[in-house]
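Asker: Below is a structure I'd like to ask you about.
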Amino acid sequence: MADAVQTSGASAGHEGPHGHHDPNLAHHFDTMEQQFECGKLGMWLFLATEVLLFGGLFCWYAIWRSNHPEVFVYGAQKLDWKLGGINTIVLLVSSFTMAWAVGCAQRGNRQGLLLGLGITFLGGIGFMGIKSVEYTEKFSHGYYWGGSYNPTHHEEGHAADHADGEHAETADAAHAEAGAADSHGDGHAADSAHGEESVADSAGELAPQEVRPPAALAGLSAERLTELGYEPSKVLLAAEAPGGLAASAPPTSETKLSAEEVRNVHLFFSIYFCMTGLHGIHVLIGMAVIGWLFVRALRGDFGPGYFEPVDLGGLYWHLVDLIWIYLFPLFYLI
Amino acid sequence: MSTLNAPAAPAYATAVDTRNYLKASYGPVSWLLTLDHKRIGVMYLVGISVMFLLGGIFALLVRTTLLFANNAEAVDPLITAELYNRFFTLHGAIMVFIVIIPGIPAALGNFVLPIMLGAKDVAFPRVNLLSFYMWMLGTALALASLFFGAVDTGWTFYTPYSTSENSPSGMILVVTGAFILGFSSVFTGLNFIVTIHQLRRPGQTWFRLPLFLWAIYSTAVIQILATPVLGITLLLLIVEKTMKMGFFNPAYGGDPVLFQHFFWFYSHPAVYIMILPAMGVMSEIISVFSRKHIFGYRFIAWSSVAIALFGFIVWGHHMFTSGQSALMNTIFSALTFSVAVPSAIKVFNWLATMYKGSIALQTPMLYALWFIWIFGIGGLTGLFLGTLATDIHLHDTYFVVAHFHYVMAGTIFVLFGAIHYWWPKMFGRMYDERQGAIASILLFIGFNLTFLPQFVMGSQGMPRRYYSYDEVYQVYHVLSSVGSYVMAAGLLVMGYCLFTSLKRGAKAPDNPWGSNSLEWHTTSPPPLENFNGTPVADDPYDYHNLEWDPQIQGFRSKKPMVTSG
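Chains as they are written, first to last, in this note's numbering: chain W, 6 to 339; chain R, 740 to 1304.
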């Protein structure tokens, strides 16, 4: 074991063994402790940058959620918390096996180290596998991000069917009114925009909404809105800005919302795919690191005197796990 | 000479190698794959200089266009409005992301930081080389965009200009480039923090560090904490543009102003990434060339940290006219003024250092004096912009342009001063003092001629980024353009001075200026592992130990600072 450590170091890096006692010690460090402390501090700083990278997205999530909670309540109902929960357990277990592997490396237990790294790697595969099942399921329903969002309503059960019928009615009415408004010469651009969107939506394609002043419809009286062919409550949902539903009673996860009651659901899926996608990329990077550690462990590079890479790789894996611990409740549970 | 004929030895082949780092190995590969912080620093310096020239050419094109008032009515203009937009965008993006941000830390910081600490290298030499190649890759992508529809949004990439259907496709390349440059910056900062924490000599306490290192440390903290946020913002911008995510697009329910918040959360601290290292160099140069111990060491050190922290809480002052609430505007305005305090502490300490000092007006000191003038004006005009009522009038006028050039180009002046200051150490040659001084005076005159008139026309209402303008402003624009040509002339003289010194310059002594920080106690240029012996740290601003030796035309330590073995 000790021999393996001695011989492998020379081939691992360009730092020749000249003048040093330990081949794993780079030339510009005085002691192994100094080198280890440098690696550890560097890794923690790197993890801080990772937290801030995700921090921007968490910040975006917080802003959008506080402005438009209905989008998140509706969106979360489209996610499968059971699959997300299983994935959480998979990652937690893999974090445990990773910590176990680090302990084995420190004690010089090569079998344990290989087993720990192997199970952790399998955990990564399991996580990505379940994630791909989830993604495929979302795509099959047309739950894409932003401009690609194109939901197919027919699988949403009774409530959705009912909503669809109502939807078509509203759209027709709005369409008719848009034409009427043109002839009367007092039509709002926003009115016809809404009509167009509904028509496009029922045709299975989401057209971008026109930009309009927030008060375009909200300022009108309930009678006038009914006259125009809108249901006042629904118009307010869309037109009231910037508070959205936050201004009235906020919805809870129990509230059943229909597609028409919630605008801009595609933004939920935008942020969902961005955050879980970026996290997935990090899982893949973590798996690559663990694979590399596995190969080095096979070669017998690590032992009680030199386990720094395993330790640092473990730190990275725990961070990836930690980010998921936040993502899971934010998207699936609340 | 037998050692030179031996096959190229791998870097760090032996523990004791007394050859200087320029001669330790030869050939392009020995440079491109080097792990030596000094060579990486020199490669940064070359790359940054080339990009500075390119950015400068774009600036001259902008100024030349603006010699004429009614460009929009010109028949068949040589420079169209679209081209003009690209010129100022590329000038800004290149100067900020590619030149000034990495300028002092990555080029000169890389070179002197480990030597000032008495270390053999930075903590992670391979990460350091990776940083350099990321800088190269980011720069290459940004340049490639020139051939795929160059960006015309201004360097801030504001949405919806950057994400709309007809925004140029080069956008994606530039933003990806900026993202990668950000990574380079993060890794450099990380490397420096770890190096300063872990690789100090025994006995070299925090308060014995040269103030340049305090500045670099504070800069690195900002690089680590702010740059990742820019990274995610740029990533969002890329997916927004390519996949229609809708984050910043009101047509999809997104919010374009949110981009500004995210952008300035990085880019305001980035202003301090640009200015703090310059302030660090100032503390070195002012003390050395006044031949007097730095005044208020601890105040300068802590003010660097304070600037780094304050820098994070003032970003909203870029958005006073974006529809922020009045309360937020007021808070951001008040916080903005707080940054003035640590900045002023530094300036007053430099002045106090010079007071009754024995001032030597050599080229680095000239640049340092220009900086005090330039930064004084740049800082004080910042107060007008931080004040809500006046900012409404001055927002997006040439007043803002002049203000940030007085701050950022102040950094460039210190960068030039720092290049002259460490030139003998880097290349072992003295430059011609007279040529250096002429160049610096030309640059100073040209700079003020360029930007002082911009304060005037800005306060009179000339908006920034306009291609065509009212004739009443023409006299200021012509003055400004003439000033830019004077600066170009100054740069040519400086380039000539430095280049010829490499061949014809006198051989540099180890310590030509009489500085007491550790890099002046090794040979010029330094050996591969920086010291032929073990350096002993002392107060870097105590000059009693040094005496002028006319024989070597340099200073000599009475008590040796490097012990053999």
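Ideal placement from N, C-alpha and C gives every residue a C-beta, glycine not left out.
#1: Return the chain-ordered list of same chain residues with a C-beta closer than 6 Å to the C-beta of R/L1270, the five sequence neighbours on each side being excluded.
#2: Report, in whole angstroms, the separation of the C-beta atoms of W/S99 and W/G128, which I expect to be a contact under 8 Å.
#3: Going by C-alpha to C-alpha distance, which of R/V1146, R/F1034, R/M1169, R/N1284 sits closest to R/I1116?
#4: By alpha-carbon positions, which one of R/A1040, R/I796, R/N988, R/R778 ends up nearest to R/L1230?
#5: Can you find a C-beta in chain W that's less than 7 Å from the C-beta of R/Q937?
#6: With R/G1293 as the anchor, note down where its alpha helix (DSSP H) starts and where it stops.
#7: Suppose you measure from the CA of W/R340 to the CA of W/F336; what does that come to, to the nearest Å?
#8: What's the C-alpha gap between R/Y1005 and R/H1134?
#9: Taking the alpha-carbon positions, what's the R/E812 to R/T819 distance?
#10: Using a Cβ distance threshold of 8 Å, determine whether the stretch 1155–1168 of chain R contacts the stretch 846–863 of chain R, with at least three qualifying pairs required.
#11: Interface residues of chain R around W/Q39 at Cβ under 8 Å?
#12: Nearest to R/L800 by CA position, among R/N809, R/A808, R/S1220, is which residue?
#13: Classify R/D1281: buried if its beta carbon has 16 or more other beta carbons within 10 angstroms, exposed otherwise.
#14: Whose Cβ in chain W lies nearer than 8 Å to the Cβ of R/M1045?
#15: For the alpha helix (DSSP H) that R/W1287 lies in, which residues bound it at each end?
#16: For W/E313, which residues from the same chain have a beta carbon less than 6 Å from its beta carbon, with the 5 sequence-adjacent residues on both sides left out?
#17: Is any beta-carbon of chain R found at less than 7 Å from that of W/E313?
#18: Which whole-angstrom value describes the C-beta separation of R/G857 and R/Q943, a residue pair presumed to lie in contact below a C-beta threshold of 8 Å?
#19: How about W/N412: is its C-beta nearer than 7 Å to some C-beta of chain R?
#20: To the nearest angstrom, report how far apart W/K87 and W/Y331 are at their CA atoms.
#21: Between the C-alpha atoms of W/L303 and W/M37, what's the straight-line distance to the nearest angstrom?
#22: May I ask you to verify whether the stretch 877–887 of chain R touches the stretch 907–921 of chain R, counting CB pairs closer than 8 Å and requiring at least 3?
#23: Please determine, among R/P816, R/I1084, R/L975, the residue with the shortest C-alpha to C-alpha distance to W/G151.
#24: What does a CB cutoff of less than 6 Å around R/G1118 pick up in its chain, not counting 5 residues either side in sequence?
#25: Is the beta carbon of R/A862 closer than 7 Å to that of R/V933?
#26: Within its chain, find whatever has a CB closer than 8 Å to the CB of R/L868; leave out the 5 residues flanking it on each side and keep chain order.
#27: What does the Cβ neighbour count give for R/Y1094, buried or exposed, with the cut at 16 atoms within 10 Å?
#28: Give the range of the alpha helix (DSSP H) segment to which R/R1203 is assigned.
#29: Would you list the residues sitting across from W/G308 in a DSSP beta bridge?
#30: Span of the alpha helix (DSSP H) holding R/S1077?
#31: From R/Y1170 to R/P1265, what does the alpha carbon distance come to, in whole angstroms?
#32: May I ask you to verify whether the stretch 1033–1040 of chain R touches the stretch 1053–1072 of chain R, counting CB pairs closer than 8 Å and requiring at least 3?
#33: Can you say whether R/N905 is buried or exposed, counting buried as having 16 or more other CB atoms within 10 angstroms of its CB?
#34: From the beta carbon of W/T102, is the nearest beta carbon of chain R less than 7 Å away?
#35: Against chain R, does W/E80 count as a neighbour if the rule is that its beta carbon must be under 7 Å from one of theirs?
#36: Within its chain, find whatever has a CB closer than 7 Å to the CB of R/F826; leave out the 5 residues flanking it on each side and keep chain order.
Answerer: If we stick to the structure as given:
#1: Locating residue 1270 of chain R in the second sequence gives position 531, where the first residue counts as 1. Here residue 1270 of chain R turns out to be Phe, not Leu, going by the sequence shown. Closer than 6 Å at Cβ, skipping near neighbours: T1261, V1301.
#2: Against the first sequence, residue 99 of chain W aligns to sequence position 94. Against the first sequence, residue 128 of chain W aligns to sequence position 123. Right, the Cβ-Cβ distance comes to about 3 Å (below 8 Å), so this counts as a contact.
#3: Taking the first residue of the second sequence as 1, we reach residue 1116 of chain R at position 377. Answer by Cα proximity: R/V1146.
#4: Walking along the second sequence from the start, residue 1230 of chain R turns up at place 491. Nearest option by C-alpha distance: R/I796.
#5: Start at 1 with the first residue of the second sequence, and residue 937 of chain R comes out as number 198. Judged by the 7 Å Cβ criterion, R/Q937 is in contact with chain W.
#6: Locating residue 1293 of chain R in the second sequence gives position 554, where the first residue counts as 1. Per DSSP, R/G1293 belongs to no alpha helix (DSSP H); it is in the beta strand (DSSP E), 1293–1296.
#7: The structure shown does not extend to residue 340 of chain W, since chain W is modelled only from 6 to 339, so the question has no answer here.
#8: To locate residue 1005 of chain R, count along the second sequence from 1; it is residue 266. To locate residue 1134 of chain R, count along the second sequence from 1; it is residue 395. Going from the Cα of R/Y1005 to the Cα of R/H1134 covers about 20 Å.
#9: As a position in the second sequence, residue 812 of chain R is number 73, starting the count at 1. As a position in the second sequence, residue 819 of chain R is number 80, starting the count at 1. Roughly 11 Å separates the two Cα atoms.
#10: yes
#11: As a first step, residue 39 of chain W is located in the first sequence; it is residue number 34 there, counting from the start. Result: Q937, L938.
#12: Counted from its first residue, the second sequence places residue 800 of chain R at position 61. For R/L800, the nearest C-alpha among the options comes from R/S1220.
#13: By one-based count along the second sequence, residue 1281 of chain R stands at place 542. Classification for R/D1281: exposed.
#14: Within the second sequence, numbered from 1, the residue matching residue 1045 of chain R stands at position 306. Sequence inspection shows Ala at residue 1045 of chain R; the Met mentioned does not correspond to that position. What R/A1045 touches in chain W: nothing, since even the nearest Cβ is about 20 Å away.
#15: Taking the second sequence and counting its residues from 1, one reaches residue 1287 of chain R at position 548. Note, R/W1287: premise wrong, no alpha helix (DSSP H); beta strand (DSSP E) at 1285–1288.
#16: Taking the first sequence and counting its residues from 1, one reaches residue 313 of chain W at position 308. Hits under 6 Å: F41, G44.
#17: Within the first sequence, residue 313 of chain W is the residue found at index 308, counting from 1. W/E313 does not count as touching chain R.
#18: The residue given as residue 857 of chain R occupies position 118 in the second sequence. The residue given as residue 943 of chain R occupies position 204 in the second sequence. 7 Å between Cβ atoms; contact.
#19: Limits of chain W in this structure are 6 at one end and 339 at the other, which puts residue 412 of chain W out of reach.
#20: As a position in the first sequence, residue 87 of chain W is number 82, starting the count at 1. As a position in the first sequence, residue 331 of chain W is number 326, starting the count at 1. In a straight line, the C-alpha of W/K87 is about 16 Å away from that of W/Y331.
#21: One-based indexing of the first sequence puts residue 303 of chain W at position 298. One-based indexing of the first sequence puts residue 37 of chain W at position 32. Cα-Cα distance, rounded: 23 Å.
#22: yes
#23: Start at 1 with the first residue of the first sequence, and residue 151 of chain W comes out as number 146. That would be R/L975, whose Cα lies nearest to the Cα of W/G151.
#24: Sequence index remark: in the second sequence, residue 1118 of chain R carries index 379 (1-based). Only S1082 meet the Cβ criterion.
#25: Your numbering for residue 933 of chain R matches position 194 in the second sequence. Your numbering for residue 862 of chain R matches position 123 in the second sequence. Cβ atoms of R/V933 and R/A862: closer than 7 Å.
#26: Locating residue 868 of chain R in the second sequence gives position 129, where the first residue counts as 1. Within the same chain, R/L868 has close Cβ partners L772, T773, L774, I779.
#27: Looking up residue 1094 of chain R in the second sequence gives position 355. Exposed: under 16 other Cβ atoms inside 10 Å.
#28: Taking the second sequence and counting its residues from 1, the one referred to as residue 1203 of chain R is at position 464. Per DSSP, R/R1203 belongs to no alpha helix (DSSP H) and is neither H nor E.
#29: One-based indexing of the first sequence puts residue 308 of chain W at position 303. Bridge partners of W/G308: W/Y311.
#30: The residue given as residue 1077 of chain R occupies position 338 in the second sequence. Here the alpha helix (DSSP H) through R/S1077 covers 1065–1093.
#31: Taking the first residue of the second sequence as position 1, residue 1170 of chain R is located at position 431. Taking the first residue of the second sequence as position 1, residue 1265 of chain R is located at position 526. Cα to Cα, R/Y1170 sits roughly 18 Å from R/P1265.
#32: no
#33: By one-based count along the second sequence, residue 905 of chain R stands at place 166. So R/N905 ends up on the exposed side.
#34: To locate residue 102 of chain W, count along the first sequence from 1; it is residue 97. It does not; no Cβ of chain R falls within 7 Å.
#35: To locate residue 80 of chain W, count along the first sequence from 1; it is residue 75. The sequence given here has Gly at residue 80 of chain W, not Glu. With 7 Å as the cut-off, W/G80 does not count as an interface residue toward chain R.
#36: Within the second sequence, numbered from 1, the residue matching residue 826 of chain R stands at position 87. Counting only Cβ-Cβ distances below 7 Å, and skipping sequence neighbours, we find F797, L800, V801.
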